[in-house]
Amino acid sequence: MYQGQFFQVATRDQFLELVFDSKIDQVNIINKAALEDLQKAVNSIKTSGGKGLIIRSGKQLFSAGVDIKEFRHLIHQDDKTLSNYIVWANEIFNSIEDLNMPKVAILNGNIVSAAAELTLTADYRIATQDTKISLPEITLGIMPCYGAMTRLPRITGLDTALQWFTAGKPFTADTALEHHVIDGVIADKIDPIEQAVILLKSCVAGDLDWTARHNEKKAPLTLNKYELAMSISIARSMAFKTAGKHYPAPNIILDTQEKSANCERDAALALDREGLIQCIKTGVADALINVSLNDTLVREKAKGLVKDLKEFSNVGVIGAGIMGGGIAYVTADKGADVVLKDINKEGLNLGLNEANSILSKQVERGRKTPKAMGDTLNHIHATLHNVELEETDLIVEAVVENLKLKKAVLTELEGVATKAVIATNTSTLKVSDIAQALKSPENFCGIHFFNPVPKMPLVEVVRGEKTSDETIKKAVKYVTQLGKTPILVNDCHGFLVNRCLVPYFHAFNKLILDGANMSTVDKVMSKEFGWPMGPAMLLDVIGLDTAEHCMDVMGEAFPDRMTKPEKNLIGSLFDMKHYGQKNGEGFYTHAPDKRGRLKASDNDTANKLIASFASPAQDFSADDIIMRMMLPMMFEAIRCLDEGIIASPAEGDIAMMYGTGFPPFRGGLFYYMDQIGLSKLVEASEKYKNISNLYHTPESLIQRLKNNQKFYA
18 MYQGQFFQVA TRDQFLELVF DSKIDQVNII NKAALEDLQK AVNSIKTSGG
68 KGLIIRSGKQ LFSAGVDIKE FRHLIHQDDK TLSNYIVWAN EIFNSIEDLN
118 MPKVAILNGN IVSAAAELTL TADYRIATQD TKISLPEITL GIMPCYGAMT
168 RLPRITGLDT ALQWFTAGKP FTADTALEHH VIDGVIADKI DPIEQAVILL
218 KSCVAGDLDW TARHNEKKAP LTLNKYELAM SISIARSMAF KTAGKHYPAP
268 NIILDTQEKS ANCERDAALA LDREGLIQCI KTGVADALIN VSLNDTLVRE
318 KAKGLVKDLK EFSNVGVIGA GIMGGGIAYV TADKGADVVL KDINKEGLNL
368 GLNEANSILS KQVERGRKTP KAMGDTLNHI HATLHNVELE ETDLIVEAVV
418 ENLKLKKAVL TELEGVATKA VIATNTSTLK VSDIAQALKS PENFCGIHFF
468 NPVPKMPLVE VVRGEKTSDE TIKKAVKYVT QLGKTPILVN DCHGFLVNRC
518 LVPYFHAFNK LILDGANMST VDKVMSKEFG WPMGPAMLLD VIGLDTAEHC
568 MDVMGEAFPD RMTKPEKNLI GSLFDMKHYG QKNGEGFYTH APDKRGRLKA
618 SDNDTANKLI ASFASPAQDF SADDIIMRMM LPMMFEAIRC LDEGIIASPA
668 EGDIAMMYGT GFPPFRGGLF YYMDQIGLSK LVEASEKYKN ISNLYHTPES
718 LIQRLKNNQK FYA
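Throughout the sequence shown, residue numbering follows the working numbering, covering 18 to 730 in sequence.
Pasting the structure below:
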């Protein structure tokens, strides 16, 4: 009947099939061209005389949803252009819903955003067991805009719909059935199309009242004002706890639902459009879309590098401390055999205990069964002997941060594991300096995990001066095998993340010495700027011993900017055996509460030290605190880009977000600089340049400003 590039219409007995099956892409995507095609397909259905319609996908995964790049271009247009586009899309979906015939949608595989909204136009929905349905718009700072905001509450009830709108996560077919989003789950051996035909025949025979369902979706919600107020109030409380003030979309969704609950379909859809535009005007949507596009770019880059490589089945980890134990765990948890090697039993026990502790917590929380825990632990083989590393494909060295020791360890390894890629987990030392001890430096690279290894998604894959392309590809394969995000960086002390983090700590030290209140700085940087925690708390979490060592190395590597200050709060507290959370004493005192969770309180020793070092107390505005803290980090990131340490602002932004917790609603470090305006960065540099060289404007920033260039085109 109709054969388009995206949608096709075919007959099946007395019924019709609307099939979403792109002829130009491997994955079904909803964009303007697809919607135009859908409109033509629907027009052909209107004149077909069919007695029922099946809506389904022609691919194993129903659809990945909206074309985010195209949608981002759309939201940069004026409000009227965006509104007209959404009106047009709504009209197409309405025309499907209003077809004078029963409609059954078959859901399969992943079905995301607008594609999920398309299935809501049907009167009945059935799903295969592998189906995962998601409305992830909230993770992009927006709301569903193709009708789900109106249709889903009228299908499932408001409370369930709000749960789906604010979760942003995929729901399984079983959960969707429990929530009444779908009407049935199809067993594996049963033909979904046959089941859809049976449903349609029941509708035609009058056994199922499809018109009642159709009318319910177009009518106001059947809630009185008290029920509505209660639902919205509970959801708003939950949204504030999870999203906070920096993410406005949840509250805009709730406001919109409150306004549209008593409206019929078309009036409700109009309110949805207003809510969408309100989300976009906050600026958070574009920032979060930038994060999503950057994440895709990084993942696709990694995917392109490793497409022909096999997964690693035998991995060695040298140095069985907390970090080594964490690396062993994440590797074994993906099914690879791990040889965990240390020089003494105490070290091995520490690493094994770390892996055991991680797994035990997962069992306690119901995320793993005891059997699965045992299976993972059985993949880890502890040893004191290098000879057991002979058959490994890849080895990660995670011994203490000492150049001489690392060289000695790696020289031994190279002689034993002759076929393996060898990597160092160093966080500050140059890979090329370590590689000087090796006969085959082309087989050596950096694989820098962040602590805690199981939780941190970022891994920096570091290319030394002589590292081969093949070694980098294998390292990336290993990282992606673990489900982590690899960022390719060229060699320098600290790589990207730690090189940018140390200036941030220098800025904190100087700000406190200049009379700023430590708790105020922490509060501003966490509550106002949006970091997961303030700098003092971050230092306590990292460990003041670790931070002090890192500042030592970076000070030697970059003496013009990062030489340790004479009055060094971090170093002084370290000398007083204040290591942070690991021993309960740092900038704060850390002690477990009744639930066993560490709680921070004032530390008298730290406060007295600050009082003895610092200038008289003075008030700094939040803007001053933020700029003084962030400018050195931003400028160091620019220098890393200039030097080719990172290949692009996009990769730098993902690295800082996944490696340090840079707030996603700000879009990334380079994106944030664009939003501030490069001219304002130069002005701030002029204001603060006498503090230290860290505040001096990079030359490339001045050139970008002259050429009217941003970091993102």
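Heads up, the beta-carbon is just placed ideally off N, CA and C, and yes, glycines get one too.
- Distance from the Cα of Ser61 is smallest, within the candidate group Gly201, Phe79, Phe24, for Phe24.
- The stretch 276-285 and the stretch 306-324 do not touch, with fewer than 3 CB-CB distances between them shorter than 8 Å.
- Burial state of Asp54 is buried, judged by a 10 Å Cβ sphere holding 16 or more other Cβ atoms.
- Gln25 sits in a strand when the DSSP states are folded into three classes.
- Annotation: Glu477 to Pro503 spans about 6 Å, alpha carbon to alpha carbon.
- In this structure, Ile663 sits away from Leu475, with a CB-CB distance that is not shorter than 7 Å.
- According to the DSSP assignment, Thr64 belongs to no alpha helix (DSSP H), since it is labelled neither H nor E.
- Classified as buried, Pro265 has 16 or more neighbouring CB atoms from the shown chains inside 10 Å of its CB.
- When C-alpha distances from Lys63 are compared across Ser39, Ile92, Tyr19, the shortest belongs to Tyr19.
- If you ignore the 5 residues before and after Asp354, its C-beta comes within less than 6 Å of the C-beta of Asn331, His396, all in its own chain and listed in chain order.
- For the pair of segments examined, the stretch 246-254 was found not to touch the stretch 134-145: the number of CB pairs separated by less than 8 Å stays below three.
- Asn442 is not a Cβ neighbour of Val470, given a cutoff of 7 Å.
- Glu653 places its beta carbon less than 7 Å from that of Cys517.
- When only Cα atoms are considered, Glu381 and Gly676 end up about 27 Å apart.
- Out of Ile339, Leu135, Asp539, the CA that lies nearest to the CA of Ala639 is found in Asp539.
- Fully contained in the stretch 511-536 are the following alpha helix (DSSP H) runs of length 4 or more, in chain order: 514-530.
- Segment contact: the stretch 601-617 against the stretch 666-685, fewer than three CB-CB distances shorter than 8 Å; contact not assigned.
- Secondary structure note for Thr502: its beta strand (DSSP E) is the uninterrupted segment 502-507.
- Annotation for Phe682: His263, Tyr264, Val301, Ala304, Leu305, Gly547 place their beta carbon closer than 7 Å to its own, counting only its chain and skipping 5 residues before and after.
- In this structure, DSSP gives Asp312 a helical state, which the three-state scheme calls helix.
- Under the three-state reduction of DSSP, Arg384 is assigned to coil, being neither helix nor strand.
- Within the model, the alpha-carbon separation for Gly174 versus Ala285 is close to 15 Å.
- For Ala139, there is no enclosing alpha helix (DSSP H), as DSSP gives it neither H nor E.
- Sequence-distant partners of Leu225 (beyond 5 residues in either direction) whose C-beta falls short of 6 Å from its own C-beta, in its chain, are Ser219.
- The DSSP-derived three-state label of Ala664 is coil.
- Taking 3 residues as the shortest admissible run, the stretch 440-471 contains the following complete beta strand (DSSP E) segments, listed from N- to C-terminal end: 461-466.
- One alpha carbon belongs to Glu244, the other to Ile47, and they sit about 36 Å apart.
- Taking Gln498 as the centre and dropping the five residues before and after it, the same chain places the C-beta of Glu328, Phe329, Lys351 closer than 7 Å to its C-beta, in chain order.
- Per the coordinates, the alpha-carbon of Gly67 lies some 49 Å from the alpha-carbon of Leu322.
- Here Tyr729 carries a coil assignment [DSSP, helix/strand/coil].
- Within 10 angstroms of the beta-carbon of Trp227 lie 16 or more other beta-carbons, which makes it buried.
- Around the beta carbon of Gln274, 16 or more other beta carbons lie within 10 angstroms, which makes this residue buried.
- The DSSP-derived three-state label of Pro187 is coil.
- Per DSSP, Pro552 is one residue of the alpha helix (DSSP H) stretching across 552-559.
- Counting only runs of 3+ residues, the beta strand (DSSP E) found wholly inside the stretch 178-228 occupies 201-203, in chain order.
- Secondary structure at Phe687: helix, using DSSP grouped into helix, strand and coil.
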